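A.B. asks: Residue numbers (our numbering): 12 to 371.
To start, I am sharing the structure in question, which I have written as structure tokens.
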């Protein structure tokens, strides 16, 4: 029995050895040889004589450089190179000598201002000559020559009387009648300002003084609009009013005489009234303002909103109260400011001051 087991055991060992040898042979046959050189390129085809000549030609031809090698540079020198390249002699372009040079800005402005001043001086001289010839025509009692200084539809307005003279023919007729009635009538002018509005329009402000036989010399303030027509300045519109040397406070405030009276306005429980009169000397206009407002008793709005005012006890009923605010205003002439001012004093202790300007 032991002999049979040993024989079987030996047979199994031989069989395992045979299987191992076959497996090793298979693995060794699938792997490349350790000493064999591995090719890194595709297998070459059969080489011919033509192929050899072509390969020789390819190796002799130089290989072109596609990308240029980098050239080192310094950042600090980059600006100098660009400046040098910009102002090279080849970049200079010839300019015709016929092109006029441009003055610097300050010189141009100065030259322009000189031209404007010269034009203004020329206009001022022409306007003064126009008034000089007008003055000469008046003092010679030449109504036709005076009328020639006006445009065809010119207008003269006396602001004090409201008399209006329209048209060159009407101007000639008025002065002709004046010269017939007063053989010694004379006039003089004082020009205060000449203001150019456009190249062909100016406004002239000044003072005129007319001397008549049976009257004291009369001074008038005038404002004239002159237009240029065929290189000649003509009067288009003249406004004049009597001028006093030193107007009184009453004279300055007379334009507010329409404020005198009593006014009242009633609306929505508020009453506003104004009463204005002169003081005894006529140097101030005194205005009394009164504003009254009826106020509802406290809680009345809530009771009315509840809808049962008749069921409330009598002790909760209150009478309406009246709130009053009175103001007194003095309107006069302020010599320091040179204009009409007003000073307002309220019954609650507040005060205010106002300045007046004419509008229209």
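Idealized CB from N, CA, C, for every residue including glycine.
A quick note: this is a predicted structure, and the numbers were derived from the prediction, not measured.
Taking the beta carbon of residue 240 as the centre, do at least 16 other beta carbons fall within 10 Å, making it buried, or is it exposed?
C.D. replies: Position 229 of the chain shown, counted from the start, is the residue given in the question as residue 240. Exposed.
A.B. asks: Quick one: what's got a C-beta closer than 6 Å to residue 365's C-beta in the same chain, skipping five residues either side?
C.D. replies: The residue labelled residue 365 in the question sits at position 354 within the chain shown. Cβ within range, chain order: 353.
A.B. asks: How should residue 340 be labelled, buried or exposed, when 16 other C-beta atoms within 10 angstroms of its C-beta is the threshold for buried?
C.D. replies: Locating residue 340 in the chain shown gives position 329, where the first residue counts as 1. The residue is buried, with at least 16 neighbouring Cβ atoms inside 10 Å.
A.B. asks: What is the DSSP secondary structure of residue 183, counted as helix, strand or coil?
C.D. replies: Residue numbering aside, residue 183 sits at position 172 when the chain shown is read from its first letter. Residue 183 falls in the helix class under three-state DSSP.
A.B. asks: Mapping DSSP to helix, strand and coil, what is residue 134?
C.D. replies: In the chain shown, the residue the question calls residue 134 occupies position 123. Of the three classes helix, strand and coil, the one that applies to residue 134 here is helix, per DSSP.
A.B. asks: Taking buried to mean at least 16 other C-beta atoms within 10 Å of its own C-beta, is residue 258 buried or exposed?
C.D. replies: Position 247 of the chain shown, counted from the first residue, corresponds to residue 258. Burial call: exposed.
A.B. asks: How many angstroms separate the CA atom of residue 120 from the CA atom of residue 238?
C.D. replies: As a position in the chain shown, residue 120 is number 109, starting the count at 1. As a position in the chain shown, residue 238 is number 227, starting the count at 1. Its pLDDT being 44, under 50, residue 120 is placed unreliably by the model, and the measurement read from it follows with that caveat. The straight-line gap from Cα to Cα measures roughly 28 Å.
A.B. asks: Under 8 Å, with one C-beta from each stretch per pair, do the stretch 280-292 and the stretch 261-272 reach the 3-pair mark?
C.D. replies: Yes, they touch.
A.B. asks: Use the C-beta contact count for residue 336: other C-beta atoms within 10 angstroms, 16 or more gives buried, fewer gives exposed.
C.D. replies: On the chain shown, residue 336 is found 325 positions in, with the first residue counted as 1. Label assigned to residue 336: exposed.
A.B. asks: Determine the DSSP secondary structure at residue 150, reduced to helix, strand or coil.
C.D. replies: The residue you call residue 150 lines up with position 139 of the chain shown. Helix, per DSSP.
A.B. asks: Just the C-alpha distance for residue 152 and residue 169, rounded to the nearest angstrom, thanks.
C.D. replies: Taking the first residue of the chain shown as 1, we reach residue 152 at position 141. Taking the first residue of the chain shown as 1, we reach residue 169 at position 158. Using only the alpha carbons, I get a separation of about 21 Å.
A.B. asks: If contacts are defined as beta-carbon pairs under 8 Å, then residue 294 and residue 260 qualify, I think. What distance do you get, rounded to the angstrom?
C.D. replies: Residue mapping note: residue 294 aligns to position 283 of the chain shown, counting from 1. Residue mapping note: residue 260 aligns to position 249 of the chain shown, counting from 1. Contact holds; Cβ gap of about 5 Å.
A.B. asks: Please report the residue range of the beta strand (DSSP E) in which residue 218 lies.
C.D. replies: Here the question's residue 218 lines up with position 207 in the chain shown. It spans 212-222 - the beta strand (DSSP E) in which residue 218 sits, taken as one unbroken run.
A.B. asks: Does the beta-carbon of residue 252 have 16 or more other beta-carbons within 10 angstroms, so that it is buried, or is it exposed?
C.D. replies: Counting from 1 along the chain shown, the entry for residue 252 is found at position 241. Exposed.
A.B. asks: What residues match up with residue 228 in a beta bridge as DSSP calls it?
C.D. replies: In the chain shown, the residue the question calls residue 228 occupies position 217. BP columns for residue 228 are empty, so no partner.
A.B. asks: List the whole-angstrom C-beta distance separating residue 186 from residue 142, where the pair is believed to meet the contact cut-off of C-beta under 8 Å.
C.D. replies: Counting from one through the chain shown, the residue named residue 186 turns up at place 175. Counting from one through the chain shown, the residue named residue 142 turns up at place 131. With a Cβ gap of about 15 Å, residue 186 and residue 142 do not count as contacting.
A.B. asks: For the beta strand (DSSP E) that contains residue 164, what are its first and last residues?
C.D. replies: Counting from one through the chain shown, the residue named residue 164 turns up at place 153. Per DSSP, residue 164 belongs to the beta strand (DSSP E) from 161-169.
A.B. asks: How long is the line joining the alpha carbons of residue 205 and residue 218, rounded to whole angstroms?
C.D. replies: If you number the chain shown from 1, residue 205 lands on position 194. If you number the chain shown from 1, residue 218 lands on position 207. C-alpha separation (whole angstroms): 13 Å.
A.B. asks: Measure the beta-carbon distance from residue 165 to residue 248 and round it to whole angstroms, keeping in mind my assumption that it falls under 8 Å.
C.D. replies: Taking the chain shown and counting its residues from 1, the one referred to as residue 165 is at position 154. Taking the chain shown and counting its residues from 1, the one referred to as residue 248 is at position 237. Rounded, the Cβ-Cβ distance is 7 Å, consistent with contact.
A.B. asks: For residue 211 and residue 202, what's the separation of their Cα atoms in angstroms?
C.D. replies: Locating residue 211 in the chain shown gives position 200, where the first residue counts as 1. Locating residue 202 in the chain shown gives position 191, where the first residue counts as 1. Roughly 19 Å separates the two Cα atoms.
A.B. asks: In whole angstroms, give me the CA-to-CA distance for residue 139 and residue 244.
C.D. replies: Taking the first residue of the chain shown as 1, we reach residue 139 at position 128. Taking the first residue of the chain shown as 1, we reach residue 244 at position 233. Cα-Cα distance, rounded: 10 Å.
A.B. asks: Which of the three DSSP states is assigned to residue 254 in this structure?
C.D. replies: By 1-based counting over the chain shown, the position of residue 254 is 243. Reduced to three states, the DSSP call for residue 254 is coil.
A.B. asks: With distances taken from CA atoms, which of 146, 207 and 159 is nearest residue 182?
C.D. replies: Start at 1 with the first residue of the chain shown, and residue 182 comes out as number 171. Selected option, being the one with the closest Cα: 159.
A.B. asks: Sort out for me which residues DSSP pairs residue 338 with in a bridge.
C.D. replies: Residue 338 sits at position 327 when you count from the first residue of the chain shown. Paired residue(s): 300 and 357.
A.B. asks: My output table needs one value for residue 397: the three-state DSSP class, helix, strand or coil.
C.D. replies: Because residue 397 is not part of the residues shown, which for the chain are 12 to 371, the question remains open.
A.B. asks: Take residue 304 as the anchor and find which of 289, 296, 290 and 334 has the nearest alpha-carbon.
C.D. replies: Here residue 304 refers to the residue found at position 293 when the chain shown is read from its first residue. Nearest option by C-alpha distance: 334.
A.B. asks: Helix, strand or coil, according to DSSP, for residue 367 in the structure here?
C.D. replies: Counting from one through the chain shown, the residue named residue 367 turns up at place 356. Coil.
A.B. asks: Tell me the DSSP secondary structure of residue 141 in three-state form.
C.D. replies: Numbered from its first residue, the chain shown carries residue 141 at position 130. Correct three-state label for residue 141: helix.
A.B. asks: Quick one: is residue 356 buried, meaning 16 or more other Cβ sit within 10 Å of its Cβ, or exposed?
C.D. replies: Taking the first residue of the chain shown as position 1, residue 356 is located at position 345. Classification for residue 356: exposed.
A.B. asks: Do you know how far the Cα of residue 144 is from the Cα of residue 133?
C.D. replies: As a first step, residue 133 must be located in the chain shown, where it is residue number 122. As a first step, residue 144 must be located in the chain shown, where it is residue number 133. Rounded to whole angstroms, residue 133 to residue 144 spans 17 Å at the Cα level.
A.B. asks: If we ignore side chains and look at the alpha-carbon of each, how far apart do residue 300 and residue 194 end up?
C.D. replies: Working through the chain shown from its first residue, we reach residue 300 at position 289. Working through the chain shown from its first residue, we reach residue 194 at position 183. Those two C-alpha atoms are separated by around 57 Å.
A.B. asks: Have a look at residue 457 and residue 290 and give me their C-alpha separation to the nearest angstrom.
C.D. replies: Any property of residue 457 remains undetermined from this structure, which presents the chain solely from 12 to 371.
A.B. asks: Quick check on residue 347: does DSSP put it in helix, strand or coil?
C.D. replies: To locate residue 347, count along the chain shown from 1; it is residue 336. If DSSP states are grouped into helix, strand and coil, residue 347 belongs with coil.
A.B. asks: What are the partner residues of residue 306, as DSSP defines its beta bridges?
C.D. replies: If you number the chain shown from 1, residue 306 lands on position 295. BP columns for residue 306 point to 332.
A.B. asks: Taking only beta-carbon atoms, is residue 142 less than 9 Å away from chain C?
C.D. replies: The structure shown contains no chain C; it is built from a single protein chain.
A.B. asks: Taking residue 199 as part of the beta strand (DSSP E), name the residues at either end of that continuous run.
C.D. replies: The residue labelled residue 199 in the question sits at position 188 within the chain shown. 197-209 is the extent of the beta strand (DSSP E) around residue 199.
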